[in-house]
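All letters in the sequence shown, in the order written, are residues 369 to 698 by this note's numbering. Note that CB positions come from ideal geometry on N, CA and C, so glycine has one too. One structure is given here, and the rest of the page talks about it.
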Amino acid sequence: MNVSVQANTPTPVPPPTVAPSPTPNTCILDARFIRDVTIPDNTTLAPGAPFVKTWTIQNSGTCAWDANTAAVFNSGTRMAGGSPTPVGALAPGATKDISINFVAPTNPGTHRSGWKLQAGNGSKFGETFFAQIIVPGAPPPPQPPPPPPPQPGGCQGAPSISSFTVDNSNIQKGQSTTLRWGFVGNADSVYLQTPDGNGGVPSPGQQGIAPHRTSTYTLAAFCKGARVQAQVTVNVHGGGGQHNGGAQGSINNIEVGASHKRTQVRVFYSWNGADGPAQVCVTARGTDGMPCTNARPNAPYAVLNLNGNNQKVTACLIGRSGAKIACGSN
(Lines of atoms letter the chains of each structure in order from A; the text may use other names.)
(Lines give C-alpha, C1' and ligand atoms only; values in the text may rest on other atoms or scores of the structure.)
Protein backbone atom coordinates (compact mmCIF):
# COMPACT_ATOMS: atom_id res chain seq x y z
CA MET A 369 0.00 0.00 0.00
CA ASN A 370 1.37 3.36 -0.97
CA VAL A 371 0.95 6.25 1.46
CA SER A 372 1.54 9.94 0.40
CA VAL A 373 2.61 12.34 3.05
CA GLN A 374 2.06 16.10 2.34
CA ALA A 375 4.80 18.27 3.97
CA ASN A 376 3.56 21.47 5.64
CA THR A 377 5.62 24.44 4.27
CA PRO A 378 5.64 27.40 6.73
CA THR A 379 4.27 30.70 5.45
CA PRO A 380 7.07 33.34 5.38
CA VAL A 381 6.62 36.16 7.89
CA PRO A 382 7.68 39.66 6.63
CA PRO A 383 10.13 41.62 8.88
CA PRO A 384 8.66 44.30 11.08
CA THR A 385 8.45 47.77 9.56
CA VAL A 386 10.62 50.31 11.40
CA ALA A 387 9.15 53.82 11.42
CA PRO A 388 11.67 56.51 10.32
CA SER A 389 13.01 58.78 13.05
CA PRO A 390 11.56 62.28 12.91
CA THR A 391 13.89 64.93 11.46
CA PRO A 392 15.03 67.23 14.27
CA ASN A 393 13.66 70.78 13.99
CA THR A 394 17.00 72.72 13.82
CA CYS A 395 17.60 76.43 13.00
CA ILE A 396 20.61 78.58 12.15
CA LEU A 397 21.92 81.38 14.38
CA ASP A 398 23.43 84.14 12.20
CA ALA A 399 23.90 87.92 11.82
CA ARG A 400 24.73 90.21 8.90
CA PHE A 401 26.16 93.76 8.85
CA ILE A 402 23.84 96.19 6.98
CA ARG A 403 25.37 99.68 7.32
CA ASP A 404 27.22 102.21 9.49
CA VAL A 405 24.78 104.60 11.14
CA THR A 406 27.43 106.82 12.77
CA ILE A 407 31.23 107.28 12.46
CA PRO A 408 31.85 105.90 8.94
CA ASP A 409 35.13 104.07 8.42
CA ASN A 410 38.24 106.29 8.40
CA THR A 411 36.57 109.16 10.24
CA THR A 412 39.27 111.46 11.70
CA LEU A 413 38.97 112.00 15.46
CA ALA A 414 41.17 113.90 17.94
CA PRO A 415 43.36 111.88 20.31
CA GLY A 416 41.34 110.80 23.37
CA ALA A 417 38.01 111.95 21.92
CA PRO A 418 34.96 109.91 23.07
CA PHE A 419 32.58 108.72 20.34
CA VAL A 420 29.58 106.42 19.85
CA LYS A 421 29.64 103.97 16.95
CA THR A 422 26.27 102.61 15.76
CA TRP A 423 25.74 99.78 13.25
CA THR A 424 22.56 98.33 11.74
CA ILE A 425 22.74 94.52 12.07
CA GLN A 426 20.19 92.01 10.67
CA ASN A 427 19.21 88.62 12.08
CA SER A 428 20.03 86.74 8.86
CA GLY A 429 19.53 83.28 10.39
CA THR A 430 16.45 81.18 11.11
CA CYS A 431 16.83 81.24 14.92
CA ALA A 432 15.62 84.11 17.03
CA TRP A 433 18.35 85.76 19.10
CA ASP A 434 17.83 85.12 22.79
CA ALA A 435 17.42 87.89 25.36
CA ASN A 436 21.00 87.46 26.59
CA THR A 437 22.58 88.17 23.18
CA ALA A 438 25.47 90.66 23.46
CA ALA A 439 28.17 92.33 21.32
CA VAL A 440 31.70 91.31 22.37
CA PHE A 441 35.17 92.52 21.38
CA ASN A 442 36.75 90.17 18.85
CA SER A 443 39.87 91.67 17.22
CA GLY A 444 42.04 94.78 16.70
CA THR A 445 42.10 97.69 19.14
CA ARG A 446 39.37 97.71 21.77
CA MET A 447 39.37 101.52 22.19
CA ALA A 448 37.72 101.22 25.64
CA GLY A 449 34.54 99.71 24.15
CA GLY A 450 32.33 97.95 26.69
CA SER A 451 32.51 94.17 26.20
CA PRO A 452 29.97 92.62 26.50
CA THR A 453 27.43 95.24 25.41
CA PRO A 454 23.82 93.96 25.73
CA VAL A 455 21.91 93.55 22.45
CA GLY A 456 18.84 91.48 23.39
CA ALA A 457 16.37 89.33 21.46
CA LEU A 458 15.61 89.72 17.74
CA ALA A 459 13.35 87.74 15.40
CA PRO A 460 14.72 86.23 12.13
CA GLY A 461 14.84 88.76 9.29
CA ALA A 462 14.52 91.78 11.60
CA THR A 463 17.22 94.48 12.03
CA LYS A 464 18.50 96.32 15.08
CA ASP A 465 20.81 99.32 15.66
CA ILE A 466 23.68 98.39 17.99
CA SER A 467 25.66 101.18 19.68
CA ILE A 468 28.96 100.99 21.61
CA ASN A 469 30.79 103.82 23.41
CA PHE A 470 34.47 104.20 22.46
CA VAL A 471 37.40 106.50 23.22
CA ALA A 472 39.89 107.34 20.44
CA PRO A 473 43.49 106.24 21.21
CA THR A 474 46.09 108.91 21.89
CA ASN A 475 48.70 107.54 19.48
CA PRO A 476 48.34 108.65 15.84
CA GLY A 477 47.43 106.21 13.09
CA THR A 478 44.54 104.09 11.81
CA HIS A 479 42.78 102.10 14.55
CA ARG A 480 40.34 99.21 13.83
CA SER A 481 38.14 97.46 16.40
CA GLY A 482 36.30 94.22 15.43
CA TRP A 483 33.14 93.00 17.23
CA LYS A 484 30.86 89.93 16.99
CA LEU A 485 27.58 88.82 18.51
CA GLN A 486 27.52 86.23 21.30
CA ALA A 487 24.51 84.11 22.27
CA GLY A 488 23.44 83.52 25.84
CA ASN A 489 25.28 80.14 25.84
CA GLY A 490 28.57 81.90 25.03
CA SER A 491 28.83 80.90 21.34
CA LYS A 492 29.82 83.63 18.89
CA PHE A 493 27.99 83.94 15.59
CA GLY A 494 27.52 86.12 12.52
CA GLU A 495 29.71 88.55 10.61
CA THR A 496 32.32 90.72 12.32
CA PHE A 497 31.45 94.43 12.34
CA PHE A 498 34.10 97.12 12.74
CA ALA A 499 34.81 100.61 14.04
CA GLN A 500 37.73 102.13 12.12
CA ILE A 501 39.03 105.66 12.82
CA ILE A 502 42.08 107.79 12.06
CA VAL A 503 43.88 109.71 14.81
CA PRO A 504 46.01 112.48 13.22
CA GLY A 505 49.63 113.04 14.18
CA ALA A 506 51.32 116.31 15.11
CA PRO A 507 50.89 119.03 12.46
CA PRO A 508 53.81 119.21 10.03
CA PRO A 509 56.26 122.07 10.47
CA PRO A 510 55.47 125.15 8.41
CA GLN A 511 56.88 125.14 4.93
CA PRO A 512 59.57 127.69 4.12
CA PRO A 513 58.27 130.80 2.36
CA PRO A 514 58.04 130.39 -1.40
CA PRO A 515 60.35 132.33 -3.68
CA PRO A 516 59.04 135.39 -5.47
CA PRO A 517 57.57 134.87 -8.95
CA PRO A 518 60.16 134.48 -11.71
CA GLN A 519 61.09 137.56 -13.66
CA PRO A 520 61.88 137.41 -17.37
CA GLY A 521 65.57 137.39 -18.29
CA GLY A 522 68.28 138.33 -15.80
CA CYS A 523 69.85 135.87 -13.39
CA GLN A 524 69.93 132.08 -13.62
CA GLY A 525 70.34 129.55 -10.79
CA ALA A 526 70.97 130.30 -7.13
CA PRO A 527 72.12 133.71 -5.85
CA SER A 528 75.37 134.08 -3.90
CA ILE A 529 75.88 136.18 -0.76
CA SER A 530 79.56 136.94 -0.19
CA SER A 531 79.13 137.98 3.47
CA PHE A 532 76.61 139.16 6.08
CA THR A 533 77.98 140.27 9.47
CA VAL A 534 77.28 142.51 12.44
CA ASP A 535 79.92 144.66 14.10
CA ASN A 536 78.90 143.62 17.61
CA SER A 537 76.57 140.70 18.23
CA ASN A 538 76.35 141.33 22.01
CA ILE A 539 75.14 144.75 23.13
CA GLN A 540 73.39 146.32 26.09
CA LYS A 541 69.86 147.66 25.78
CA GLY A 542 70.06 151.17 24.36
CA GLN A 543 73.29 150.55 22.42
CA SER A 544 73.54 150.32 18.62
CA THR A 545 75.57 148.33 16.13
CA THR A 546 75.88 147.98 12.35
CA LEU A 547 74.88 145.26 9.91
CA ARG A 548 77.19 144.86 6.92
CA TRP A 549 76.87 142.72 3.80
CA GLY A 550 79.08 142.20 0.80
CA PHE A 551 78.31 141.80 -2.86
CA VAL A 552 75.26 139.67 -3.69
CA GLY A 553 75.67 138.07 -7.09
CA ASN A 554 73.29 136.42 -9.56
CA ALA A 555 70.17 137.93 -7.94
CA ASP A 556 67.25 139.96 -9.25
CA SER A 557 66.32 141.26 -5.77
CA VAL A 558 67.87 141.52 -2.30
CA TYR A 559 65.89 142.13 0.89
CA LEU A 560 66.89 142.90 4.47
CA GLN A 561 64.37 141.39 6.89
CA THR A 562 64.31 142.93 10.39
CA PRO A 563 61.89 142.81 13.34
CA ASP A 564 60.99 146.47 12.62
CA GLY A 565 60.28 146.04 8.91
CA ASN A 566 61.70 144.78 5.64
CA GLY A 567 62.71 146.22 2.34
CA GLY A 568 64.93 145.96 -0.68
CA VAL A 569 68.59 146.95 -0.29
CA PRO A 570 71.56 147.42 -2.62
CA SER A 571 74.69 145.32 -2.35
CA PRO A 572 77.20 145.76 -0.91
CA GLY A 573 75.61 147.77 1.90
CA GLN A 574 75.27 148.46 5.61
CA GLN A 575 72.60 149.57 8.09
CA GLY A 576 72.78 150.79 11.67
CA ILE A 577 70.44 149.08 14.16
CA ALA A 578 69.52 149.60 17.82
CA PRO A 579 67.30 146.65 18.81
CA HIS A 580 65.52 146.76 22.16
CA ARG A 581 65.42 142.96 22.40
CA THR A 582 67.48 140.04 21.14
CA SER A 583 66.70 139.95 17.42
CA THR A 584 67.57 138.00 14.27
CA TYR A 585 68.26 139.77 10.96
CA THR A 586 68.03 138.06 7.56
CA LEU A 587 69.56 139.05 4.24
CA ALA A 588 67.57 137.23 1.51
CA ALA A 589 68.52 137.11 -2.17
CA PHE A 590 66.18 135.93 -4.93
CA CYS A 591 66.77 134.72 -8.46
CA LYS A 592 63.51 133.66 -10.12
CA GLY A 593 62.59 130.41 -8.32
CA ALA A 594 65.67 130.30 -6.06
CA ARG A 595 66.19 131.89 -2.63
CA VAL A 596 69.42 132.12 -0.61
CA GLN A 597 69.63 133.78 2.79
CA ALA A 598 72.11 134.58 5.54
CA GLN A 599 71.27 135.46 9.15
CA VAL A 600 72.87 137.13 12.16
CA THR A 601 71.50 137.42 15.69
CA VAL A 602 72.15 140.40 17.97
CA ASN A 603 71.91 139.52 21.66
CA VAL A 604 70.56 142.45 23.69
CA HIS A 605 71.36 142.12 27.37
CA GLY A 606 68.59 143.48 29.56
CA GLY A 607 66.24 143.61 26.63
CA GLY A 608 64.36 140.25 26.47
CA GLY A 609 63.34 138.22 23.41
CA GLN A 610 61.98 139.16 20.05
CA HIS A 611 58.68 141.01 20.37
CA ASN A 612 57.12 139.38 17.32
CA GLY A 613 57.98 135.73 18.02
CA GLY A 614 60.79 135.58 15.46
CA ALA A 615 58.54 136.47 12.54
CA GLN A 616 60.35 137.26 9.31
CA GLY A 617 59.07 138.05 5.86
CA SER A 618 59.23 140.43 2.94
CA ILE A 619 57.00 142.18 0.43
CA ASN A 620 58.61 141.02 -2.81
CA ASN A 621 56.47 142.72 -5.45
CA ILE A 622 53.19 144.62 -5.88
CA GLU A 623 51.12 144.48 -9.06
CA VAL A 624 48.24 146.92 -9.56
CA GLY A 625 45.45 146.45 -12.08
CA ALA A 626 43.07 149.42 -12.07
CA SER A 627 39.64 149.65 -13.68
CA HIS A 628 36.78 152.12 -13.36
CA LYS A 629 36.17 152.87 -9.65
CA ARG A 630 38.16 149.81 -8.53
CA THR A 631 41.78 148.73 -8.09
CA GLN A 632 42.89 145.11 -7.81
CA VAL A 633 46.19 144.67 -5.97
CA ARG A 634 48.29 141.50 -6.09
CA VAL A 635 50.90 141.38 -3.32
CA PHE A 636 53.77 138.87 -3.63
CA TYR A 637 55.28 138.12 -0.22
CA SER A 638 57.38 135.70 1.81
CA TRP A 639 56.75 134.79 5.46
CA ASN A 640 58.22 132.19 7.84
CA GLY A 641 54.89 131.57 9.62
CA ALA A 642 55.89 133.04 13.02
CA ASP A 643 53.62 135.51 14.89
CA GLY A 644 50.65 133.98 13.06
CA PRO A 645 47.96 134.16 12.06
CA ALA A 646 49.12 137.15 10.04
CA GLN A 647 47.38 139.37 7.51
CA VAL A 648 48.34 141.12 4.28
CA CYS A 649 46.90 144.66 4.28
CA VAL A 650 47.03 147.38 1.61
CA THR A 651 46.49 151.15 1.64
CA ALA A 652 46.54 153.80 -1.08
CA ARG A 653 46.74 157.57 -0.99
CA GLY A 654 43.33 159.20 -0.89
CA THR A 655 41.55 155.93 -0.03
CA ASP A 656 39.67 155.28 3.20
CA GLY A 657 40.14 151.98 5.00
CA MET A 658 42.77 149.28 4.85
CA PRO A 659 41.49 145.99 3.37
CA CYS A 660 43.24 142.90 4.69
CA THR A 661 43.29 139.19 3.94
CA ASN A 662 44.78 136.21 5.77
CA ALA A 663 48.41 135.39 5.00
CA ARG A 664 49.67 131.83 4.53
CA PRO A 665 53.30 130.70 4.78
CA ASN A 666 53.00 128.64 1.59
CA ALA A 667 51.04 131.16 -0.50
CA PRO A 668 53.03 133.13 -3.12
CA TYR A 669 50.69 136.12 -3.24
CA ALA A 670 47.45 137.69 -1.95
CA VAL A 671 44.77 139.54 -3.95
CA LEU A 672 42.92 142.55 -2.47
CA ASN A 673 40.60 145.22 -3.86
CA LEU A 674 40.58 148.98 -3.28
CA ASN A 675 37.89 151.46 -4.20
CA GLY A 676 38.97 154.01 -6.78
CA ASN A 677 41.65 154.05 -9.44
CA ASN A 678 44.90 153.98 -7.46
CA GLN A 679 48.36 153.19 -8.79
CA LYS A 680 50.50 153.95 -5.73
CA VAL A 681 49.92 151.27 -3.10
CA THR A 682 51.59 150.31 0.18
CA ALA A 683 51.30 146.70 1.41
CA CYS A 684 52.21 145.37 4.87
CA LEU A 685 52.42 141.90 6.39
CA ILE A 686 51.07 142.29 9.96
CA GLY A 687 51.48 139.60 12.62
CA ARG A 688 49.05 138.50 15.33
CA SER A 689 50.90 140.70 17.85
CA GLY A 690 50.16 143.75 15.70
CA ALA A 691 53.82 144.10 14.69
CA LYS A 692 54.54 144.87 11.04
CA ILE A 693 56.58 141.93 9.80
CA ALA A 694 57.21 143.55 6.41
CA CYS A 695 56.04 146.55 4.36
CA GLY A 696 56.65 147.69 0.81
CA SER A 697 55.36 150.07 -1.85
CA ASN A 698 55.18 149.90 -5.61
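Integer-rounded CB distance, given that residue j should sit under 8 Å from residue i
i: Cys591; j: Gly542; result: Not a contact, Cβ separation roughly 39 Å.
i: Gly450; j: Ile468; result: 6 Å
i: Ile529; j: Val596; result: 6 Å
i: Thr584; j: Ser537; result: That pair is no contact at about 11 Å.
i: His479; j: Thr445; result: 5 Å
i: Ala457; j: Ala487; result: About 11 Å separates the two Cβ atoms, so there is no contact after all.
i: Ala683; j: Ile622; result: 6 Å
Reference residue i, options the options, closest by Cα
i: Phe532; options: Cys684, Val405, Gln599; result: Gln599
i: Val405; options: Thr463, Thr430, Ile396, Ser638; result: Thr463
i: Thr472; options: Lys421, Ala417, Trp483, Ser428; result: One point to set straight first is that residue 472 is Ala, not Thr, in the sequence displayed. The shortest C-alpha separation from Ala472 is found at Ala417.
i: Ala459; options: Trp483, Asn427, Asn442; result: Asn427
i: Asn442; options: Ala663, Gln574, Gly482, Phe498; result: Gly482
i: Ala499; options: Asn621, Cys684, Ala448, Met658; result: Ala448
i: Met658; options: Val633, Arg664, Pro665; result: Val633
Nonlocal neighbours in the same chain, by C-beta distance under 7 Å from residue i, ignoring five residues either side
i: Pro476; result: Val503, Pro504, Gly505
i: Ala364; result: Within the shown structure, residues of the chain are numbered from 369 to 698, placing residue 364 beyond reach of any answer.
i: Ser544; result: Gly576, Ile577, Ala578
i: Ser618; result: Tyr559, Gln561, Asn566, Ala588, Tyr637, Ser638, Ala694
i: Leu699; result: Since the first residue shown for the chain is 369 and the last is 698, residue 699 is missing from the structure and cannot be characterised.
i: Asn662; result: Pro645, Gln647
i: Thr586; result: Gln561, Gln597, Gln599, Gln616
Distance, residue j Cα to residue i Cα
i: Gly641; j: Ala691; result: 14 Å
i: Arg548; j: Pro563; result: 17 Å
i: Thr411; j: Gly676; result: 48 Å
i: Gly609; j: Thr474; result: Bear in mind that a pLDDT of 44 at Gly609, under 50, signals an unreliable position, so the number given afterwards is only what the model happens to contain. When rounded, the distance between both Cα atoms is 34 Å.
i: Tyr669; j: Gly573; result: 28 Å
i: Gly550; j: Val534; result: 12 Å
i: Thr394; j: Asp409; result: 37 Å
i: Leu685; j: Ser571; result: 24 Å
i: Lys421; j: Pro665; result: 38 Å
i: Thr546; j: His580; result: 14 Å
i: Pro415; j: Gly461; result: 38 Å
Beta-carbon gap between residue i and residue j smaller than 8 Å
i: Ile407; j: Ile425; result: no
i: Thr582; j: Val552; result: no
i: Val681; j: Ser697; result: yes
i: Trp423; j: Phe470; result: no
Close beta carbons around residue i, own chain, < 6 Å, minus the five adjacent residues each side
i: Cys660; result: Gln647, Cys649
i: Val569; result: Val558, Leu560
i: Asn489; result: none
Close beta carbons around residue i, own chain, < 8 Å, minus the five adjacent residues each side
i: Leu485; result: Ala399, Ile425, Trp433, Thr437, Ala438, Ala439, Val440, Val455, Lys492, Phe493, Gly494
i: Ile396; result: Gly429, Thr430, Cys431
i: Cys763; result: Outside the modelled stretch of the chain, which goes from 369 to 698, sits residue 763, for which no answer is possible.
Any C-beta of chain D under 8 Å from that of residue i
i: Ser618; result: Of the protein chains in this structure there is only one, and it is not chain D.
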